[in-house]
Amino acid sequence: MSTAAPLTSLPAVFAAFNRLTVLIVGDVMMDAYVWGKAGRLSPEAPVPVVNVSRTEQRLGGAANVALNVQALGATPLLCAVIGEDTGGTQLLELLRDKELSAQGIVRSAHRPTTVKQRILAAGQHLLRIDSEVETDLNPEEAALLQARYEVLLDRADVVIFEDYDKGVLSAGSIAHFIGLARQKGIPTVVDPKKKNFLAYQHCTLFKPNLKELREGLKLEFGDTDADRPQFEAAVERLREVLMPEIVLVTLSERGVFSESRQSGRSYIPAHLRMISDVSGAGDTVISIAALCVALGLEPPVMAALANLGGGLVCEQVGVVPIEKQRLLAEAMAANVLM
1 MSTAAPLTSL PAVFAAFNRL TVLIVGDVMM DAYVWGKAGR LSPEAPVPVV
51 NVSRTEQRLG GAANVALNVQ ALGATPLLCA VIGEDTGGTQ LLELLRDKEL
101 SAQGIVRSAH RPTTVKQRIL AAGQHLLRID SEVETDLNPE EAALLQARYE
151 VLLDRADVVI FEDYDKGVLS AGSIAHFIGL ARQKGIPTVV DPKKKNFLAY
201 QHCTLFKPNL KELREGLKLE FGDTDADRPQ FEAAVERLRE VLMPEIVLVT
251 LSERGVFSES RQSGRSYIPA HLRMISDVSG AGDTVISIAA LCVALGLEPP
301 VMAALANLGG GLVCEQVGVV PIEKQRLLAE AMAANVLM
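Heads up, the sequence shown is in UniProt numbering, so the first residue is 1 and it goes up one at a time.
Shown next as structure tokens:
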């Protein structure tokens, strides 16, 4: 466990990231891409025929969060369940290629590795094929995952729950994992989805987006300034149900919102950018937020850094990790620590 000295400058904060170890538990997946040319329709059905020019496999889901944590200088430890299949083997190979530990990865013969295959031609996304299940882990898989988590937890400065509703995390395992972390004084940071939204009680930081906040609490409100009272009431309701220390809500093109009992509410507007692709922005936001929480930074500073990082990755096409030095330069220009 790292203990940070007072951090009074952004370079000191970014240097301190290098001392941190982050345990990431949740749904890992493979993002597979097939690029080609579509010059004609199939004689068998009214669909384009794509002549493949190249293919690529990338780490996705919780594994992309690990890539972002690594890019920020910290050490990521993945804890997840994958299949004993081709996708699982490819995922392990990619982890090795990226020098990411697979110590927390459980392989199972009873469920497939989540693979999302995208077919693209002439700059158009034609089709996505998902190979996955969303059922909860069986007792044997859950026990193996718990054992890996418990071994890795002692090495962690912060835990990220990366939930994509694929069944690796359940209400029972979430409560157990958060309870173990709290006993050891390790903060927990949550990137939720709908199914387990209300299971993350007593986490340190809870980070939904607006859609997830509406669906998770079954409330309706808009996303304009006129809807701010209803939005803030929803955040207060979230606090009553989950009792997190910090709430961080991503507001898409309107920036981010953070709230804690100590620092109050902060709205941080998005920076004007040329948006190319919003894919992976949430993974970057949760990675930056987790490192800031581990260092004990104030929530408005954490939110400002996460907001900058999420915007930066939107300028690039595809799911890509954050560039640490560019984030530092932008944060200094924006006087984030002031």
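For glycine and all other residues, C-beta sits at the position ideal for the given N, C-alpha and C.
Keep in mind it's a predicted model, so treat the numbers as computed, not measured.
- Message: Taking the straight line between their C-alpha atoms, what separation do you get for P192 and A333?
- Response: Translated into the one-based positions of the sequence shown, residue 192 becomes position 192. Translated into the one-based positions of the sequence shown, residue 333 becomes position 333. So the alpha carbons of these two residues sit roughly 31 Å apart.
- Message: Can you determine whether any heavy atom of the ligand GDP sits closer than 7 Å to the C-beta of L328, and answer yes or no?
- Response: Inclusion of the ligand GDP in the displayed structure is not the case, the ligand content being empty and no account of it being possible.
- Query: Under a three-way DSSP split, which group does K116 fall into?
  - Reply: Position 116 of the sequence shown, counted from the first residue, corresponds to residue 116. K116: strand per DSSP, three-state reduction.
- Item | Span separating the alpha-carbon of I246 from that of G87 | Indexing the sequence shown from 1 puts residue 246 at position 246. Indexing the sequence shown from 1 puts residue 87 at position 87. Going from the Cα of I246 to the Cα of G87 covers about 36 Å.
- Message: Helix, strand or coil, according to DSSP, for A12 in the structure here?
- Response: Mapped onto the sequence shown, residue 12 falls at position 12. Helix.
- Query: Roughly how many angstroms separate the alpha carbons of N68 and F17, rounded to a whole number?
  - Reply: Locating residue 68 in the sequence shown gives position 68, counting from the first residue. Locating residue 17 in the sequence shown gives position 17, counting from the first residue. Cα to Cα, the separation comes out at about 12 Å.
- Message: Give me the residue from D223, D163, A226 and T188 with the minimum Cα distance to N196.
- Response: Working through the sequence shown from its first residue, we reach residue 196 at position 196. Of the listed residues, the one whose Cα sits closest to N196 is D163.
- Item | Beta-carbon contacts of S108 that lie in its chain and below 7 Å, excluding the five residues immediately before and after | Here the question's residue 108 lines up with position 108 in the sequence shown. Same-chain partners within the cutoff: V81, G83, E84 and E141.
- Task: Please list the segments of the alpha helix (DSSP H) lying wholly inside the segment 63 to 101, counting only runs of 4 or more residues, in order along the chain.
- Result: 86 to 97
- How about P76 and L328: are their beta carbons less than 8 Å apart? Within the sequence shown, residue 76 is the residue found at index 76, counting from 1. Within the sequence shown, residue 328 is the residue found at index 328, counting from 1. No, Cβ-Cβ distance for P76 and L328 is not below 8 Å.
- Return the chain-ordered list of same chain residues with a C-beta closer than 7 Å to the C-beta of N138, the five sequence neighbours on each side being excluded. Counting from one through the sequence shown, the residue named residue 138 turns up at place 138. Hits under 7 Å: H110.
- Pair within 8 Å by beta-carbon distance, K126 and M30: Mapped onto the sequence shown, residue 126 falls at position 126. Mapped onto the sequence shown, residue 30 falls at position 30. It should be noted that the sequence gives Leu, not Lys, for residue 126. Cβ distance not < 8 Å, so L126 and M30 don't count as in contact.
- Message: What residue range does the beta strand (DSSP E) around Y149 cover?
- Response: For the purposes of this step, residue 149 is taken as the residue at position 149 of the sequence shown. Where Y149 is concerned, there is no enclosing beta strand (DSSP E), although the alpha helix (DSSP H) it sits in stretches over P139 to L153.
- Message: Based on DSSP bridge pairs, tell me the residues matched to I160.
- Response: As a working note, residue 160 is residue 160 in the sequence shown. For I160, which the question treats as bridged, DSSP gives the partners I24 and V189.
- Message: Suppose you measure from the CA of T3 to the CA of G296; what does that come to, to the nearest Å?
- Response: Position 3 of the sequence shown, counted from the start, is the residue given in the question as residue 3. Position 296 of the sequence shown, counted from the start, is the residue given in the question as residue 296. For T3, the predicted structure reports a pLDDT of 43, less than 50, and the residue's modelled location is therefore unreliable. A value from the coordinates is still provided. Each residue's Cα considered, the two are about 10 Å apart.
- Task: Work out the CA separation of R261 and D277 for me, nearest whole Å.
- Result: Translated into positions along the sequence shown, residue 277 becomes position 277. Translated into positions along the sequence shown, residue 261 becomes position 261. Low confidence applies here, because D277 scores a pLDDT of 39, under 50, leaving its location unreliable and the question unanswered by this model.
- Around the Cβ of A143, are there at least 16 other Cβ atoms within 10 angstroms (buried) or fewer (exposed)? For the purposes of this step, residue 143 is taken as residue 143 along the sequence shown, with counting starting at 1. Result: exposed.
- Query: To the nearest angstrom, how far is it from the Cα of residue 339 to the Cα of T188?
  - Reply: Given that the chain is displayed from residue 1 to residue 338, the structure contains no residue 339 and the question cannot be resolved.
- Message: I'd like to know whether the C-beta atoms of L120 and V49 end up nearer to each other than 8 Å.
- Response: Numbered from 1 along the sequence shown, position 120 holds the residue referred to as residue 120. Numbered from 1 along the sequence shown, position 49 holds the residue referred to as residue 49. It is not a contact, given that the beta carbons lie outside the stated cut-off.
- Item | contact_flag[the segment 208 to 219, the segment 168 to 178] where n(CB pairs < 8 Å) is 3 or more | no
- Item | Spatially closest choice to T136 from V158, P112 and D157, by CA coordinates | Residue mapping note: residue 136 aligns to position 136 of the sequence shown, counting from 1. The residue you asked about is not Thr; residue 136 is Asp in the sequence shown. With distances taken between Cα atoms, D136 lies closest to P112.
- Residues near I322 by beta carbon distance below 8 Å, same chain, minus five either side: To locate residue 322, count along the sequence shown from 1; it is residue 322. Excluding positions up to five away in sequence, the list reads N68, A71, L72, T284, S287, I288, G309, L312 and V313.
- Message: Measuring alpha carbon to alpha carbon, tell me which residue in E253, G282 and A281 is nearest I268.
- Response: The count along the sequence shown starts at 1 and reaches residue 268 at position 268. That would be E253, whose Cα lies nearest to the Cα of I268.
- Message: What would DSSP say about Q262, mapped onto helix, strand or coil?
- Response: The residue you call residue 262 lines up with position 262 of the sequence shown. In this structure, Q262 counts as coil in the three-state DSSP scheme.
- Task: Please report the Cβ distance between L248 and S258, rounded to the nearest whole angstrom; I am assuming they are in contact, meaning their Cβ atoms lie under 8 Å.
- Result: Sequence index remark: in the sequence shown, residue 248 carries index 248 (1-based). Sequence index remark: in the sequence shown, residue 258 carries index 258 (1-based). About 5 Å; that satisfies the 8 Å criterion.
- Item | Classification of V190 by the beta-carbon crowding that lies within 10 angstroms, buried from 16 upward | Along the sequence shown, read from residue 1 onward, the residue named residue 190 stands at position 190. V190 comes out buried.
- With which residues is Y267 paired in a DSSP beta bridge? As a working note, residue 267 is residue 267 in the sequence shown. For Y267, which the question treats as bridged, DSSP gives the partners F257.
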